[in-house]
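Structure first, then comments.
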Amino acid sequence: MISVTGREMSVSQWALRSLRLDSVLLVLLSILLLLGLAILFSATGESVVALERQVMRIGLGVVAMLLVAQVSMHALRAISPWLFVAGVLLLLAVMWVGDVGKGAQRWLDLGFMRFQPSEIMKLAVPMMVAWYLSQRDGRPRFRDLVVTAALILAPVYLIMQQPDLGTSMLVGAAGFLVIFLAGLGWRWFVGLGVTAAAAIPILWSQMLDYQRQRVLTLFNPESDPLGAGYHIIQSKIAIGSGGLYGKGWLNGTQSQLEFLPERSTDFIFAVYAEEFGFIGVALLLLLYFAIVARGLWIAALAQDRYARLLGGSISLTFAVYMVVNIGMVTGLLPVVGVPLPLVSYGGTSLVTLMVAFGILMSIASQKRLVNR
Amino acid sequence: MAERDAYGEEQQDRERFAVRILLALVILGVILLALGWRLSGLQVGAHTHFTTLSENNRLRVEPIAPTRGVIRDRNGVLLAGNRASYQLEVTVEQAGDLDSLLARLRGYVELSEADVERFQRGVRQRRPFQPVLLKAGLDDETVARIAVSRHELPGVEIEARPLRFYPLGSKFSHAVGYVGRINQQDLQRVDGRAYAGTSHIGKSGVERYYEDLLHGRPGYRQVEVNAQGRVIRELSVTPPQPGTDLTLTLDVNLQQAAYRALAGRDGAIVAVDPNNGEVLALVSAPGFDPESFVHGISQADFAAVRDDYRRPLFNRALSGQYPPGSTIKPLVGLAALDEEVTTAEREMFARGYFQLPGHERRYRDWRREGHGRVDMSRAIAVSSDVYFYDLAHTMGIDRMVPILGAFGIGQRTGIDSTGERPGILPSRNWKRATHDQVWFPGETLITAIGQGYMLSTPLQMADFTAALAARGERYQPHLLRAMDNGVGEPEYRLPLLRDPVTVDEKHWDAIHGSLVEAVNARHGTAWGSVGSTRPEYTIAGKTGTSQVFSLGEDEEYDEEELARRLWDHALFVGYAPAEDPRIAVAVLVEHGGSGGRVAAPVAREVMDAYLLEGAGMTIDVPEDE
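In order, the protein sequences belong to chains A and B.
Each step along the first sequence adds one to the number in our numbering, with nothing skipped, and position 170 is 170.
Each step along the second sequence adds one to the number in our numbering, with nothing skipped, and position 46 is 418.
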């Protein structure tokens, strides 16, 4: 699927002329990834092993990003429906033969590696919706809404069954952001809002006990200080005790003495907040905002509707990621298991995100090529 | 046209998209501001609050147990000390499966039911990473074997901890008392915080009475712990303040001599210095091994000791209440002289029995044939019951009680130990209050010979004997001589005087004379066993026989035919030297039979040990057991 070498040219020429990337985005992402490694080193208790593995993942992610960046938008658009269908089939396969990890059935064992098909859907769903809407003219109409809603909700439902509330939510957000960006009329949003409100009781009945517990604990974490509330309480202590300037890198007692659970994964933001304080936190939020803004800028300048919608969705989904994680760690949102993008320890989500940024870079290059 | 339409459509779509992008950016900006607001609330607004919580998380204050004060006798001989004891401790977090660990450990060390029971209780109550005691008092060989196999026993530690030991064991078990593991009851009478790091507490005797002094004040160390409770580093230390060392009034030599003098019989001996109230010996036999309580006694072993018919745990000297028998006669005589009921010189003919006027009942003398003509002195020396029946009848109970009370009968002496009982001083009021009955004249008679309702403890008998010896000067008997908290000079306890017994001097002379006569005259009850052996100093004393059960008026009392356990208790109280008393002794031999034959020689041995051998005697301390 990375076949861009249709043209005849020398390798050096090819490399020089065709390495399509966006330097501003690349710099911003590099800063975030390096900062992330520093936080991770502290969060894992200065584990060199963990650091090396994360560096390898980042390397893999950067390679994936650069490769995807070389793919033309035309090709991406062409494979969108097929990727979507493949992803749904894999999700179904997981339900039958998936491995159970941490009590949830999310993994598919391919023999040489294990991966989560739900990660594919983070990209496949917005690609599919963008593909569908790019076939249509003007604002999405009711029919479009029904079709795209079905395209989004089917995989969301499957992922919820695994159960993986965080990922299903992100997949849903990625899909609906495409509809939003396509210019869906405001009355539909009001309608969606009402429907969503009405769906809450149904959703509640579909939730598993641990998911409900998480939601309930959100509103009163102190009610269960040793159980479900422990994460949020310890996280708030870590963040709050960081103060304005923080306790200093590697000096956060909440994380170094292991009071903070999941400190290298979902709660890594609390480690950062404890050690770097409010000033560090404000700078990090600015960095995230800059990445999202650059992504939206690229999308705004994209040449066709498909690229625009996909690029915008990717940028905003990245923002949703960040907002949900920080909201969760600060006790504003329930603990749904969304990592801090590009910082949390772990491979799959990082590689998926880097592939998404590869798509953004491809969009950026498409624009540049056409302009030239 | 169509192309322009398409172009216009594209342009429109682009503009619509730009508006949505702007909108999204604005929404994202607002959300980020909200997050920033939230974070500033946590990090700036509530910073102090969360800093406190964070400190509470990571800081822990651990108590350091103070070293318990040691207890010595008046010569400085150690009675209760601390020594390192090797004990097996398990850190559960590192041990893996406990059942399999215990099974493996049984290959190295014998684990009793009690050990395992206590261990499992400790496991439930521990803090994370706090080692739990499995077995105390390991011997060197076991320590070595476990040390060699440490790698097979994860989480198992051998710790040397100070543990109470009693070099003289059972001989001082009642005088000094013992410490045992702290239980819930103990925690209710002490400040639990002060005992947070302490495993043992005084359970009886001096160990318990002076618990506050002996325990000391705990120290603290502030440590940083991780979420599992494992100590990461030590931040500060406040050293503990060790307990106060106590020097007792007891004399090791005298105590051991007294113990020996009982020669395995059950009984009690209390020796007091009449000039200051210092208790020189306090023996209750049989004793028990106090260290078995320190190591933690099993239910079965404890039941065996508790239910032993000889009652080794019972402190006869302080808690045993016995009819004082004839030993009370000097006090009754003194009361009669003071009340001018009679004179020392007045004689009467003492027959074998006494009858109240108008009553048939015969109150028998212990000697069937009576004692013939006796005055006060001879009546005490030969221990004529009939003389005292007559005296009591004339005097009446109401005039007898005040002086007996002044000597302390029926009241605790207030000795600095535990378990003291008050005895009983019967009176009209007492009988009405306890039995709801009027006082019968016959009860006055038997009260005068120390039988009936009257009860006294050996300590009380020694106490009133000391008061007799000191002509009514009454020092409170006490065990503490000096305390040394390591700061400055030891602090000596001053003798405490109680209300004296005030009687005309010539009455004291008369009674003292009678007590010398009882031991040193041929007709005296202690002549045969003591006086006839010509002691090197003059002993004054009074024998007594304390009836275990009362006989009907016509029953014959034949010791030989009775089971030994129904024999009378043999009593002797006395002091010496008679001219300048330095020691007052009370001896009780349970079921010993005759006071003169059995108890008096015991008292004499104690006096010999103190007056003859005391100064030059080498201190006889057994090797470390």
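Just so it is clear, CB atoms sit at the ideal spot from N, CA and C, and this is done for glycine as well.
Subject >> Proximal chain B residues relative to SER313 (chain A), where beta-carbon distance stays under 8 Å >> reply: Taking the first residue of the first sequence as position 1, residue 313 (chain A) is located at position 313. None at all; the shortest Cβ gap to chain B is about 10 Å.
Original post:
Which runs of the alpha helix (DSSP H) spanning at least 4 residues fall entirely within the segment 844-872 of chain B, listed in chain order?
Top reply: none
**OP:** Put ASP881 (chain B) into one of helix, strand or coil per three-state DSSP.
**Re:** Within the second sequence, the letter at position 509 stands for residue 881 (chain B). In this structure, ASP881 (chain B) counts as helix in the three-state DSSP scheme.
Original post:
Residues in the segment 586-620 of chain B with C-beta within 8 Å of chain A's C-beta atoms, listed in sequence order?
Top reply: GLU596, VAL597, ASN598, ALA599, GLN600, ILE604
Subject >> Alpha-carbon to alpha-carbon, ILE436 (chain B) and VAL156 (chain A) >> reply: The residue you call residue 156 (chain A) lines up with position 156 of the first sequence. The residue you call residue 436 (chain B) lines up with position 64 of the second sequence. Roughly 59 Å separates the two Cα atoms.
Subject >> ASN454 (chain B) - containing beta strand (DSSP E), residue span >> reply: Within the second sequence, numbered from 1, the residue matching residue 454 (chain B) stands at position 82. Its beta strand (DSSP E) spans residues 450-462.
**OP:** Just list the alpha helix (DSSP H) runs in the segment 117-188 of chain A, keeping only unbroken ones of 4 residues or longer that don't cross its boundaries, in chain order.
**Re:** 117-135, 142-160, 165-181
Subject >> Contiguous beta strand (DSSP E) assignments of at least 3 residues, all confined to the segment 525-599 of chain B >> reply: 528-537, 550-553, 572-576, 591-597
**OP:** Report the neighbours of ASP558 (chain B) on chain A: residues whose CB is nearer than 8 Å to its CB, in chain order.
**Re:** For this step, residue 558 (chain B) is matched to residue 186 along the second sequence. Those within 8 Å of ASP558 (chain B) in chain A number zero; the least Cβ separation is about 31 Å.
**OP:** Output yes or no for whether 8 Å exceeds the beta carbon distance between THR917 (chain B) and GLY860 (chain B).
**Re:** As a working note, residue 917 (chain B) is residue 545 in the second sequence. As a working note, residue 860 (chain B) is residue 488 in the second sequence. Contact: no.
Original post:
So which residues of chain A does THR423 (chain B) contact, with C-beta pairs closer than 8 Å?
Top reply: Along the second sequence, read from residue 1 onward, the residue named residue 423 (chain B) stands at position 51. Correct list: GLY240, SER241, GLY243.
**OP:** Leaving aside the five residues before and after PHE112 (chain A) along the sequence, list all residues of the same chain whose C-beta is less than 8 Å from its C-beta, in chain order.
**Re:** By 1-based counting over the first sequence, the position of residue 112 (chain A) is 112. Here the model assigns PHE112 (chain A) a pLDDT of 48, short of 50, so the residue's position is not dependable, and the following value carries that caveat. So the list is empty, once near-sequence residues are dropped.
Original post:
So who's on the other strand from GLU711 (chain B), going by DSSP bridges?
Top reply: Here residue 711 (chain B) refers to the residue found at position 339 when the second sequence is read from its first residue. None, per the DSSP bridge assignment.
Subject >> DSSP state of LYS236 (chain A) mapped onto helix, strand, coil >> reply: Start at 1 with the first residue of the first sequence, and residue 236 (chain A) comes out as number 236. DSSP places LYS236 (chain A) in helix when its eight states are reduced to three.
Original post:
Could you give the distance in angstroms between the alpha-carbon of ALA959 (chain B) and the alpha-carbon of ALA971 (chain B)?
Top reply: For this step, residue 959 (chain B) is matched to residue 587 along the second sequence. For this step, residue 971 (chain B) is matched to residue 599 along the second sequence. Residue 959 (chain B) is actually Val in this sequence, not Ala. About 6 Å.
Subject >> Cβ-heavy atom distance, VAL323 (chain A) to the ligand SAM, below 7 Å >> reply: Absence of the ligand SAM is noted for the structure shown, with no ligands found whatsoever.
Original post:
Does the segment 458-469 of chain B come within contact of the segment 557-575 of chain B, defined as at least 3 CB pairs closer than 8 Å?
Top reply: no
Subject >> Stretch-stretch touch, CB-based, cutoff 8 Å, three pairs: the segment 280-288 of chain A with the segment 405-415 of chain B >> reply: yes
Original post:
Who are the Cβ neighbours of MET121 (chain A) in its own chain at under 6 Å, not counting the five residues just before and after it?
Top reply: Numbered from its first residue, the first sequence carries residue 121 (chain A) at position 121. If we look at MET121 (chain A) and ignore the five residues flanking it on each side, its Cβ neighbours are GLY87, PRO155, VAL171.
Subject >> Where the segment 245-261 of chain A meets chain B: residues whose CB sits under 7 Å from a CB there >> reply: THR253, GLN254, LEU257, GLU258, PHE259
Subject >> Stretch-stretch touch, CB-based, cutoff 8 Å, three pairs: the segment 657-672 of chain B with the segment 745-760 of chain B >> reply: no
Subject >> Stretch-stretch touch, CB-based, cutoff 8 Å, three pairs: the segment 308-316 of chain A with the segment 390-402 of chain B >> reply: yes
**OP:** Take TYR864 (chain B) and list the residues in its own chain whose beta-carbon comes closer than 7 Å to its own, dropping the five residues that flank it on each side.
**Re:** Against the second sequence, residue 864 (chain B) aligns to sequence position 492. For TYR864 (chain B), where only same-chain residues beyond five positions count, the Cβ hits under 7 Å are ARG853, ALA854.
Subject >> Inter-residue Cα distance where the pair is PRO973 (chain B) and THR910 (chain B) >> reply: Locating residue 973 (chain B) in the second sequence gives position 601, counting from the first residue. Locating residue 910 (chain B) in the second sequence gives position 538, counting from the first residue. Cα to Cα, the separation comes out at about 14 Å.
**OP:** Pull up the CB-CB distance for SER698 (chain B) and ILE821 (chain B), whole angstroms please, since I reckon it's below 8 Å.
**Re:** As a working mapping, residue 698 (chain B) is identified with position 326 in the second sequence. As a working mapping, residue 821 (chain B) is identified with position 449 in the second sequence. 6 Å between Cβ atoms; contact.
**OP:** May I have the straight-line CA-CA distance separating LEU831 (chain B) from ALA689 (chain B), to the nearest angstrom?
**Re:** As a first step, residue 831 (chain B) must be located in the second sequence, where it is residue number 459. As a first step, residue 689 (chain B) must be located in the second sequence, where it is residue number 317. The straight-line gap from Cα to Cα measures roughly 6 Å.
Subject >> Assigned exposure category for MET48 (chain A) - 16 Cβ within 10 Å defines buried >> reply: Mapped onto the first sequence, residue 48 (chain A) falls at position 48. In the sequence as displayed, the identity of residue 48 (chain A) is Val instead of Met. The residue is exposed, with fewer than 16 neighbouring Cβ atoms inside 10 Å.
Original post:
Shortest alpha-carbon distance to ASP617 (chain B) belongs to which of B:ARG969, B:PHE389, B:ARG444?
Top reply: In the second sequence, the residue the question calls residue 617 (chain B) occupies position 245. The residue with the shortest Cα to Cα distance from ASP617 (chain B) is B:ARG444.
Original post:
What does a CB cutoff of less than 8 Å around GLU815 (chain B) pick up in its chain, not counting 5 residues either side in sequence?
Top reply: The residue labelled residue 815 (chain B) in the question sits at position 443 within the second sequence. Cβ neighbours of GLU815 (chain B) beyond the five flanking positions: ILE769, PRO798, LYS803, GLY824, TYR825.
**OP:** Could you check if LEU123 (chain A) is buried or exposed, using at least 16 other CB atoms within 10 Å of its CB as the buried criterion?
**Re:** The residue given as residue 123 (chain A) occupies position 123 in the first sequence. By the neighbour-count rule (16 or more Cβ atoms within 10 Å), LEU123 (chain A) is buried.
**OP:** Pick helix, strand or coil for ASP617 (chain B), following the three-state DSSP scheme.
**Re:** One-based indexing of the second sequence puts residue 617 (chain B) at position 245. ASP617 (chain B) falls in the strand class under three-state DSSP.
**OP:** Decide if SER362 (chain A) is buried, meaning its Cβ has at least 16 other Cβ atoms within 10 Å, or exposed.
**Re:** Residue 362 (chain A) sits at position 362 when you count from the first residue of the first sequence. Buried, since its Cβ has 16 or more Cβ neighbours within 10 Å.
**OP:** Check whether the Cβ atoms of VAL548 (chain B) and ALA456 (chain B) sit closer than 8 Å, and answer yes or no.
**Re:** As a first step, residue 548 (chain B) is located in the second sequence; it is residue number 176 there, counting from the start. As a first step, residue 456 (chain B) is located in the second sequence; it is residue number 84 there, counting from the start. No, they are not a contact pair.
Original post:
Do LEU360 (chain A) and LEU25 (chain A) have their CB atoms nearer than 8 Å?
Top reply: The sequence position of residue 360 (chain A) within the first sequence is 360, counting from 1. The sequence position of residue 25 (chain A) within the first sequence is 25, counting from 1. Contact: yes.
**OP:** Please confirm if GLN415 (chain B) has its CB atom under 8 Å from at least one CB of chain A.
**Re:** Locating residue 415 (chain B) in the second sequence gives position 43, where the first residue counts as 1. Output row for GLN415 (chain B): interface = yes.
Original post:
Roughly how many angstroms separate the alpha carbons of ASP137 (chain A) and VAL190 (chain A), rounded to a whole number?
Top reply: Along the first sequence, read from residue 1 onward, the residue named residue 137 (chain A) stands at position 137. Along the first sequence, read from residue 1 onward, the residue named residue 190 (chain A) stands at position 190. Each residue's alpha carbon lies about 22 Å from the other.
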